[in-house]
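These notes are about the structure you will find just below.
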């Protein structure tokens with residue numbers, strides 16, 4: 001179902017010959033309306049790939065007819081010629097749809113620093129637009145995979161409308177493929193302003209809270225398109241909750257599929273002074289290589305959790321922090337707590353709870369362990 | 001020679017039974033004067049080990065008679081009992097010297113979250129003070145090793161005075177041993193105020209610019225003691241240069257000995273708007289796991305360098321950055337530059353030069369690659 005679960009959308013995923021192995025590598029998601037309200041959020045990296053630079057301009061208009069995505073090449077650090085390639089891709093998609101390039105988003109994922117094979121890509125644009133259909137959501141999700149072992153899709157039914165989505169990307173990423181792309185669709189009737197506000201809120205609480213290796217891609221893009229085909233103007237709060245569920249579901253699928261990872265780790269920070277503090281502390285733990293190695297070794301090394309939290313500016317007293325690993329409070333008041341041998345780390349899912357004893361706010365960041373497989377994926381790969 | 005190269009200092013390193021393998025684990029460095037001027041800088045981690053909390057108080061007095069150091073246990077996250085242990089250790093050292101505990105620094109390195117074996121440690125204090133001698137510098141440097149494969153020492157002769165030093169710690173560190181300790185001595189005659197100012201400047205340009213895994217220890221301590229035994233009041237600028245050389249030498253030895261590392265990598269950022277920008281950009285590259293994996297794989301993946309620099313707030317234009325790896329300008333103006341196949345990454349030493357084209361400032365940060373051995377050291381180790 002994926003992006004085609006809501007009415008008003010067609011999609012396709014085709015093999016255009018960009019990937020050497022002949023796998024699907026071009027996807028399109030088309031909004032047939034009646035509305036074209038849309039919004040997008042992009043990487044905060046200041047080195048932005050050409051498709052991001054193009055799509056930022058398109059998204060400002062608040063209307064999107066289609067998103068054209070390719071795997072097998074990031075079109076990043078490719079200068080003015082790379083930007084021209086992104087523009088050409090949008091124009092070709094617009095031509096195929098009899099529409100305007102000003103409403104075509106372009107997303108790319110793959111190696112940085114290489115031009116895309118334009119003849120193959122442009123042929124793929126034609127093929128994918130021609131193939132786009134109401135049942136094409138899964139093929140599209142398949143076509144945007146790089147090292148993802150499975151296609152990532154989600155959908156939820158609301159009161160008279162539906163939200164669907166697809167994503168690619170994961171924590172442990174192959175070289176220079178460190179990109180997260182997500183396309184979320186709905187047949188609810190929303191304004192562009194609503195799309196923007198609701199997508200930013202949902203992204204901040206989902207995609208922004210997975211952090212596999214602290215590396216920020218040049219290509220990250222999350223898009224929301226609203227076709228209005230259901231004829232339903234949703235209750236905003238209910239829609240926001242549904243959108244949050246879909247984004248959270250896609251985020252969790254990325255962590256679960258993180259290449260090279262053997263653990264999916266939730267870092268929960270509770271009783272923080274405010275949410276920013278909770279997030280800063282959770283992210284510091286999620287990015288600490290020593291902690292991540294300990295998780296790989298199934299070692300409940302709470303000292304590394306404290307050492308990571310100690311690098312932040314969050315409000316806490318070092319002698320008031322409690323830390324639980326999978327429910328065992330191994331650290332109490334900044335010192336030794338319950339017997340660490342009681343911690344069971346044999347499963348894939350791990351929860352680390354940090355109690356800052358500083359207030360009533362909380363936040364969770366999802367991460368993975370640091371493994372030999374991660375190092376292998378990101379060093380042995382020939383790029 | 002090490003810390004006993006300058007006149008006025010005695011040192012020793014003994015095996016007190018803290019380390020299970022019977023290796024040396026207690027060191028002492030004694031300043032016999034006539035001056036006791038001293039200063040110290042400590043970890044910026046807010047979770048500070050007990051010996052750091054103790055020594056911060058001592059250092060405020062600007063006078064240090066001796067530093068007592070142990071490996072085999074960090075005495076971190078041990079609460080009030082751990083602080084009492086640090087205090088007791090200082091008192092015992094003072095007793096052995098017939099002096100005041102208020103002028104005894106204590107340093108520990110090893111596992112976090114465990115109490116030190118005090119009977120062994122206190123016996124070690126007595127033995128080491130009794131053994132302290134003018135030729136004890138190398139034994140002391142040996143006794144503070146944890147996973148360091150070699151003792152790290154340095155000395156330089158100035159105009160009528162000498163600067164000596166020892167250090168332990170490295171980039172790729174065994175679990176919870178992520179600590180850098182350094183003791184620098186001189187027989188120059190300096191005030192405590194000079195010691196403080198000159199040590200901070202030297203540390204900022206050396207120990208603060210090695211960054212192996214971005215993990216900040218709970219125990220980091222750097223001490224400077226001036227005995228005045230040479231009778232020479234040095235030209236401050238000349239002394240600062242000599243001190244910088246010793247600190248830089250010790251820092252480089254740490255990176256060179258980083259366990260699990262196969263590369264010593266200098267990240268040089270040039271033509272930055274100011275030094276802060278240069279440092280921020282260099283550190284972002286040094287901490288980027290994807291870049292560090294690429295170095296391990298001997299892959300001149302400049303896209304990862306740009307992606308890392310792009311996460312900073314340094315002044316630059318993405319289409320104006322040049323990147324060289326071992327002298328080959330693989331990235332020009334943010335895009336493809338010279339042929340990457342010309343980059344030779346087979347040696348241990350790697351230099352990555354990032355030209356921000358934004359001004360006249362520069363800075364270098366030293367780091368290591370991210371390897372399977374690092375993951376192994378930090379996960380398979382039983383703690």
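Protein chains in written order, with full-length UniProt numbering: chain A, 1 to 383; chain B, 1 to 383.
Don't be surprised by glycine CBs; every beta carbon is placed ideally from N, CA and C.
beta-carbon residue 219 of chain A near the ligand GDP non-hydrogen atom, thresh 7 Å = In terms of ligand content, the structure shown is empty, and the ligand GDP therefore cannot be addressed.
Residues of the segment 202-220 of chain B with a CB closer than 8 Å to any CB of chain A: list them in chain order, please.
-> 213, 214, 215, 216, 217, 218
Opposite residue 326 of chain B in the DSSP bridges: which residues?
-> Looking at the DSSP assignment, residue 326 of chain B forms no beta bridge with any residue, so it has no partner.
Residue from A:265, A:276, A:342, A:36 with nearest C-alpha to residue 305 of chain A | A:265
Return the chain-ordered list of same chain residues with a C-beta closer than 7 Å to the C-beta of residue 145 of chain A, the five sequence neighbours on each side being excluded.
-> 71, 151, 168
Using DSSP bridges, identify the partner residues of residue 264 of chain B.
-> B:349, B:368
Taking the alpha-carbon positions, what's the residue 357 of chain B to residue 90 of chain B distance?
-> 52 Å
Mind checking which residues open and close the alpha helix (DSSP H) that includes residue 283 of chain A?
-> 275-286
Whole-Å CB distance - residue 222 of chain B paired with residue 40 of chain B, under 8 Å assumed | 7 Å
Within the chosen definition, does the segment 236-249 of chain B reach the segment 43-51 of chain B through at least 3 CB pairs nearer than 8 Å?
-> no
Report the option in A:250, A:292, A:69, A:270 whose CA atom is closest to the CA atom of residue 263 of chain A.
-> A:292
Below 9 Å between beta carbons is the criterion; list the residues of the segment 298-312 of chain A that meet it against any residue of chain B, in chain order.
-> 298, 299, 301, 302, 303, 304, 306, 307, 308, 309, 310, 311, 312
Using 8 Å as the limit for Cβ to Cβ distance, is residue 356 of chain A near chain B?
-> no
Determine which residues of the segment 72-86 of chain B have a Cβ less than 9 Å from any Cβ of chain A, and write them out in chain order.
-> 74, 76, 77, 78, 79, 80, 81, 82
Cβ neighbours of residue 368 of chain A in the same chain (closer than 7 Å, five flanking residues each side left out) = 171, 172, 212, 255, 258, 261, 263, 264, 265
Could you tell me the boundaries of the beta strand (DSSP E) in which residue 195 of chain A lies?
-> That residue, residue 195 of chain A, is in no beta strand (DSSP E); its alpha helix (DSSP H) goes 192-204.
First through last residue of the beta strand (DSSP E) which encompasses residue 251 of chain B | Residue 251 of chain B -> not in any beta strand (DSSP E); alpha helix (DSSP H) instead, spanning 236-256.
Who are the neighbours of residue 319 of chain B on chain A, taking C-beta pairs under 9 Å?
-> 79, 80
Would you say residue 110 of chain B reaches chain A, if we count a Cβ-Cβ gap shorter than 8 Å as a contact?
-> no
List in chain order: all unbroken beta strand (DSSP E) runs of 3+ residues lying wholly within the segment 33-75 of chain A.
-> 37-42, 66-71
In whole angstroms, what separates the C-alpha of residue 288 of chain A from that of residue 80 of chain B?
-> 27 Å
DSSP state of residue 107 of chain A mapped onto helix, strand, coil | strand
With DSSP collapsed to three states, give me the class of residue 316 of chain A.
-> coil
CA-CA distance, residue 352 of chain B and residue 142 of chain B?
-> 33 Å
Could you tell me the boundaries of the alpha helix (DSSP H) in which residue 83 of chain A lies?
-> 79-97
From the DSSP output, in three-state form, read off residue 216 of chain B for me.
-> coil
Opposing strand residues paired with residue 332 of chain B [DSSP bridges] = B:335
Start-end ranges of the alpha helix (DSSP H) lying completely within the segment 113-169 of chain B, minimum 4 residues | 118-131, 137-143
Cutoff 8 Å: residue 20 of chain B Cβ touching any chain A Cβ = no
Residue interval of the beta strand (DSSP E) (run including residue 223 of chain B) = 221-226
So does the segment 225-234 of chain B actually touch the segment 323-339 of chain A, counting three or more Cβ pairs closer than 8 Å?
-> no
Applying a beta-carbon distance threshold of less than 7 Å, which residues of chain B neighbour residue 375 of chain A?
-> 293, 296, 370, 371, 372, 375
Interface residues of chain A facing residue 386 of chain B [CB-CB closer than 8 Å] = Because chain B here runs from 1 to 383, residue 386 of chain B falls outside it and cannot be looked at.
Are the C-beta atoms of residue 328 of chain B and some chain A residue less than 8 Å apart?
-> no
Nearest candidate by alpha-carbon position, reference residue 224 of chain B, set B:301, B:92, B:29 = B:29
Is the shortest distance between the beta-carbon of residue 9 of chain B and the beta-carbons of chain A less than 8 Å?
-> no
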